[in-house]
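Trainee:
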Amino acid sequence: PLIQQQLQIVYSNKLPFVKHPPVAIEPFTFTPLSNDNILFTYDAFWALVLSQSRSDIWRSWWVQRILWDINGNLLFSSYPHQINTTTSFHHDDNTNQDANVGKLVRFLSKWKSTKTTLAERIEELFNDMIKEKYCDIDELKTIQNWLQDLEKVKYEFPPIKTSKSQSEQVGNRIGIRRRRTAVCLTGLIECIDLAWTPTANAIRTHIGGDMDIFMYLSSTEPVVDQLSTIPLRTRLIEALHYSNFTVKVLFENIPVLDPHFPPNCTTEESIDQPPHKVPRYYQQLFGLSNCFSLVRDYEKKHNIKYDIMVRTRADIKFDQIPPTFDRESPYDINTTLIAPYNGLMGIIDDGFAVGPMDAVEVYMNRYYSFRECITRDLHPERYLDFYLKYRKVKLIVDTRTSIMHMPHSPKHCH
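Here the working numbering runs 65 ahead of the position in the sequence shown, where the first position is 1.
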């Protein structure tokens, strides 16, 4: 790495870290970089300059873009143990200046230069940022003075190393949008470490492209036959500590849900479940719909588009899984909803699904189909199978994919 930063922890006087190798940020990925606990190697001395009118974080965006052109990396590591003095954070006058970070990093992702030296590219980048109103002429003057100072002390700028493959990669990033997947994790707050973490890792390694995880989990305690064996506080701490997510919502269930069945259509006995499980069934389906709405809101707010969605829950693990979910027809997740096979029932398992957004949208919103009375059989798996066929969703029940639900016992995570 050319630049290495130690993670700064605040609001804690004593915090131990789990030992983990440092993390290097790949090209076309941006992350904030502060002034604290940071190491610059010689080939990154050009990045030492600080803005005169903007926050230290603003520097991190253009520096990371220039790093790509010299095959440089930004690396993050953490102390094995840290004792902090009190640190306070204040919103300063630079807050408004940093408000357009999204537009800036998109501009930087597309920016290209034909200049043959690093100093020329840095100066050209600042000229272009001025044209796009991302900085002003004073920033350019600061950079020009800094580059001149480096030359006076005989600093040797690293050479440009943009290879053909890198140029093609830039072109691909600009012209071809990478597939993006949203993962909706719903259900109860439980089994985060024991089940969800390995399941999340398996999903990431089996689906190519970018991935965002939306956690929409209920803290409402189960009743009667499934009393919790792990205290809610412990399960909440697990959920709060889980860090590899995009949006996290932890909530209490609405006390009573009314699916608005038409008169004389059906009764709760049609669900073919013990009476105390019926409200949980409604809550489960209501949670699916809310998680899908959360993803749609996130798309609008951040001007992005998801191609694939995964529906899963925290208390399942893969019992069997294909080498990859990126397969050809009829198992193509870009065009077909794929769900696991429930061997006990000989039908679809409703604990997991992956497919295109339009198909998963139907899957996730079946709670609202109850008011249509499309069938009187409301058993969870049988209803789901009938409902998807009724909606003409292109579906494959994949016998090569099966899941196991973590058993309810004192040895497990409920």
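In this text, a Cβ means the ideal position worked out from N, Cα and C, and glycines have one as well.
All values reported here derive from a predicted model rather than from experimental measurement.
(1) For the pair the region 343-353 and the region 423-434, tell me if three or more CB-CB distances fall below 8 Å.
(2) Hey, out of Asp442, Phe417 and Thr401, whose CA is closest to Asp423's CA?
(3) So which of Pro263, Arg436, Gly411 and Arg456 has the shortest CA-CA distance to Val425?
(4) Measuring straight from C-alpha to C-alpha, what distance separates Tyr307 and Phe279?
(5) Along the alpha helix (DSSP H) that carries Asp203, what are the first and last residues, could you check?
(6) Consult DSSP for Asp463 and reduce its assignment to one of helix, strand or coil.
(7) Quick check on Leu183: buried or exposed, where buried means 16 or more other Cβ atoms within 10 Å of its Cβ?
(8) For Gly408, count the other beta carbons within 10 Å of its own beta carbon; 16 or more makes it buried, fewer makes it exposed. Which is it?
(9) Look at the alpha carbon of Trp127 and the alpha carbon of Ile369, and state the distance between them as a whole number of angstroms.
(10) Quick check on Thr96: buried or exposed, where buried means 16 or more other Cβ atoms within 10 Å of its Cβ?
(11) Quick check on Gln129: buried or exposed, where buried means 16 or more other Cβ atoms within 10 Å of its Cβ?
(12) Alpha helix (DSSP H) containing Phe191: first to last residue?
(13) Do you know how far the Cα of Arg361 is from the Cα of Ile295?
(14) Rounding to the nearest angstrom, what Cα-Cα distance links Ser174 and Phe191 in this structure?
(15) Do you know whose CA, among Thr264, Val248 and Gly252, lies nearest Leu315's CA?
(16) Counting Cβ pairs closer than 8 Å, one from the region 375-385 and one from the region 408-420, do we hit at least three?
(17) Use the C-beta contact count for Ala89: other C-beta atoms within 10 angstroms, 16 or more gives buried, fewer gives exposed.
(18) Quick check: what's the CA-CA separation for Phe105 versus Pro324?
(19) With distance defined between alpha-carbon atoms, name the residue in Lys177, Asn102 and Lys476 nearest to Ile131.
(20) So is Val248 buried or exposed if we call it buried at 16+ other beta carbons inside 10 Å?
(21) Would you tell me roughly how many angstroms separate the C-alpha atoms of Asn102 and Pro87, rounded to the nearest one?
(22) Which of helix, strand or coil does DSSP assign to Met471?
(23) Among Lys198, Leu297, Tyr448 and Ala112, which has the Cα closest to the Cα of Met410?
(24) Could you give the distance in angstroms between the alpha-carbon of Ile302 and the alpha-carbon of Lys198?
(25) Checking the sheet assignment: what are the DSSP bridge partners for Asp391?
(26) Using DSSP's beta-bridge definition, name the partner residues of Tyr406.
(27) Buried or exposed for Leu202, going by 16 or more other Cβ atoms inside 10 Å?
(28) Hey, how far is the Cα of Thr389 from the Cα of Leu250?
(29) Give the straight-line distance between the Cα atoms of Tyr428 and Trp123, rounded to the nearest whole angstrom.
Mentor: Let me spell this out:
(1) Judged by Cβ distances under 8 Å, the region 343-353 makes contact with the region 423-434, as three or more pairs qualify.
(2) Taking Asp423 as reference, the option from Asp442, Phe417 and Thr401 with the minimal CA-CA separation is Thr401.
(3) Cα-wise, what sits closest to Val425 is Arg456.
(4) Tyr307 and Phe279: Cα-Cα distance of roughly 12 Å.
(5) It spans Ile202 to Lys217 - the alpha helix (DSSP H) in which Asp203 sits, taken as one unbroken run.
(6) Strand at Asp463.
(7) By the neighbour-count rule (16 or more Cβ atoms within 10 Å), Leu183 is buried.
(8) Residue environment analysis places Gly408 among the exposed positions, since fewer than 16 neighbouring C-beta atoms fall within 10 angstroms of its C-beta.
(9) Per the coordinates, the alpha-carbon of Trp127 lies some 22 Å from the alpha-carbon of Ile369.
(10) Flag for Thr96 reads exposed.
(11) The residue is buried, with at least 16 neighbouring Cβ atoms inside 10 Å.
(12) Where Phe191 is concerned, the enclosing alpha helix (DSSP H) stretches over Leu183 to Lys196.
(13) So the alpha carbons of these two residues sit roughly 33 Å apart.
(14) So the alpha carbons of these two residues sit roughly 14 Å apart.
(15) In terms of Cα proximity to Leu315, the closest of Thr264, Val248 and Gly252 is Gly252.
(16) Contact between the region 375-385 and the region 408-420 is present: 3 or more CB-CB pairs across the two stretches fall below 8 Å.
(17) Burial call: exposed.
(18) Our two residues, Phe105 and Pro324, have alpha carbons roughly 59 Å apart in a direct line.
(19) The shortest C-alpha to C-alpha distance from Ile131 to any of Lys177, Asn102 and Lys476 is the one to Lys177.
(20) With 16 or more Cβ atoms within 10 Å of its Cβ, Val248 is classed as buried.
(21) About 14 Å.
(22) The DSSP-derived three-state label of Met471 is coil.
(23) For the residues Lys198, Leu297, Tyr448 and Ala112, the minimum Cα distance to Met410 belongs to Tyr448.
(24) About 44 Å.
(25) Note: Asp391 sits in a beta bridge opposite Asp397.
(26) The partner list for Tyr406 (beta bridge, DSSP) reads Ile413.
(27) The sequence as given places Ile at residue 202; Leu does not occur at that position. With fewer than 16 other Cβ atoms within 10 Å, it is exposed.
(28) Each residue's alpha carbon lies about 20 Å from the other.
(29) Linking Tyr428 to Trp123 through their CA atoms gives a straight-line distance of about 42 Å.
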